[in-house]
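Using the UniProt record's numbering, you'd call the opening residue of the sequence shown number 1 and step up by one each time.
No residue lacks a Cβ here, since even glycine has one placed at the ideal position from N, Cα and C.
Computed from a prediction, not measured in an experiment: that's the story for all the values here.
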Amino acid sequence: MNNLAERDRAVIWHPFTQMQTAPAPISIVRGEGSVLYGADGREYLDMISSWWVNLHGHAHPHIARRVSEQLQTLEHVIFADFTHEPAVELAERLLAILPNNQSKVFYSDNGSTAVEVALKMAFQYWHNLGKPRRKVVAFDNAYHGDTFGAMAVGGRSAFTAPFVPFLFDVDYLPVPIAGQEDAVLHQAEALFTNEVAAFIAEPLVQGAGGMVMYEPEVLDKLFQLAHRHGSLVIADEVMTGFGRTGRLFASDYLQEKPDLMCLSKGLTGGTMALGVTTCTKAIYDAFLSDSKFKTLFHGHSFTANPLACTAALASMDLLLLDETQANIQRISQQHADFANQLAAYSTVETIRQRGTLLAFDLKATGEQTSYFNNIRDTAYNFLLARDILMRPLGNVLYLIPPYCTTNEQLAYVYKQIIELLKTI
Ligand SMILES: *Cc1c(COP(=O)(O)O)cnc(C)c1O
C-alpha cells in the first residue's frame, strides 16, 4: 500500500464502498485520452469513462484551456438576479440540439439534482394549475440518482432498503425488454390515469440497473399513453445523453417528445459537476404569475457555475465535430463486430448494444449462486490485472468508452474479455 492509499484510508469514506473489506484504492496521478496513469507507473484503460462521464478523454486540452481562461475571468457568481455569458450560451446551444419542444434550461449540480428538479417542476406544475396530481409511474429496476426524490422514483433494491420508509410511493411498470412489450403496454393501460403527474424513464437504456435495453417503439407507445392522460413525461438522459446511444440523445430515436429532460454525466465531458433540467414552454408558463407562491423555489449555491458551464460548452464544441461523430460510429461498429464474436461463447447471455454502449451477462456455469455472486469480483480483478478498468454491475459486463478510444485499445480490451470468458 502506498502512502496516499494509507492517508486515504485514514480520512476518506468512498462512494458505494464497503470500507471494511475494500482493497486499497488505486492512486491515479494523471490522465490522457482513454488512459489513467497510476502512481505506481501502471496505465489503466478507462473503459467505463470514469463512471460514464468522460466523453473526449482525460484532461482534454481544449476543455482545459477554455476552463482555465474562464477561471481567470469569472469563477462564480450568484445565479439569482444575476447572469453570465457561459450559462446563457450553454442554454442556447443545448436547446438547439435537444428535441425542439424543450424551451427552458434550469441548472443544478449533478444527475440526482437534475432529477429532483424535474420532479419538483412536475409536481408543482399540477399544483400551480390547481389540479394537484400525486402519482408517479416509473420502471422497475430504474436508477435516477441517490438523493431522496431520485431514490423514490428508482427501483427498490438492497441500495434503497434502509430508506424505503422515507420514500414516496411510485407505481412501477416492468421494463419492456424484447418479448415483453405487449404485456407491459397492457399493464400500462391500467396504470396511466388522470391522476398520474409524471412518467419518468431512462430512455432505451437503464444504466445502473444493469444496462438493460429496450426499443424506441414501445417507449413511444408508453409516452403516448401518458400524454393521452395529460401526464408529463420525464426523460432521464443523465447517462444516455451526448452521443452514448449513437445519436446525440436517446430521445432522438423517439417520435413522441418528453416534457422534461435531465442531463448531467457527459454534459461537461466529465470535467466538472453540472446538472441540467429542461422543460417545455407549457410547464414553464404554469409558473408565471403575479403571485410569488407559484415560483419554483429551488436552487443551489453553485447553480450555473461559470466554470462548469464553460466545460460543457467546450465539451459540446468537441462533441459536434465531424471527427467525434465519426468516432462514435466507429466505436459502435467495433462493438457490433465484437458482439458477433461474443455470441459464440456459451458463458455469455443477452448481448445488447446501443451505439457506444455494449453489455452482456455472464452466465454461471451451472454452479451455485455464491459462485454467481463472485463473478463480478472475478471479472473486475481479471481485467484490472490486465490494466483495464471495467466495473461489472453484478454479472453484467459492459463497455462505455470515451469516444477517443482507438481501435487498437478496443481490440486489446476485447481480447482480454475473451480470455476472461475462457477462464469462467
Ligand atoms: C448516474 C445517473 C443519475 C445520477 O447522477 P449523479 O450525477 O450520479 O447524481 C441519474 N440518472 C441516471 C440515468 C444516471 O445514470
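A direct Cα-Cα distance of roughly 11 Å separates ARG244 from GLN353. Close CB contacts of ARG391 within its chain, under the 6 Å cut and outside five residues either way in sequence, are with ILE48 (chain order). Assignment of CYS404 by DSSP, reduced to helix, strand and coil, places it in the coil class.
Here DSSP, grouped into helix, strand and coil, assigns ASP140 to coil. Positions of the alpha helix (DSSP H) runs, each at least 4 residues long and wholly inside the stretch 105 to 155, are given as 111 to 128, 148 to 152 in order along the chain.
Out of LEU222, GLY155, TRP51, GLN206, the CA that lies nearest to the CA of GLN187 is found in LEU222. In the DSSP annotation of this structure, TYR37 is not part of any alpha helix (DSSP H); the continuous beta strand (DSSP E) holding it starts and ends at 35 to 38. With a cut-off of 7 Å, the C-beta of SER27 is classified as distant from ligand 1, since no heavy atom of the ligand falls inside that distance.
With a threshold of 7 Å, the Cβ atom of SER264 counts as near ligand 1, since some heavy atom of the ligand is closer than that. Taking a 10 Å sphere around the C-beta of THR240, we find 16 or more other C-beta atoms and assign the residue as buried. Proximity to LEU167 across SER157, LEU173, LYS415 peaks at SER157, based on C-alpha coordinates.
Taking a contact to require three or more Cβ pairs closer than 8 Å, the stretch 35 to 55 and the stretch 228 to 237 do not qualify as touching.
Per DSSP, the unbroken beta strand (DSSP E) holding TYR44 starts and ends at 43 to 46.
Remark: the shortest separation between the CB of ALA10 and any heavy atom of ligand 1 does not fall under 7 Å.
Pairing ALA114 with THR277 gives a Cβ-Cβ distance under 8 Å.
For PHE163, the secondary structure class from DSSP, reduced to helix, strand or coil, is helix. Beta-bridge partners of ARG30 (DSSP): TYR37.
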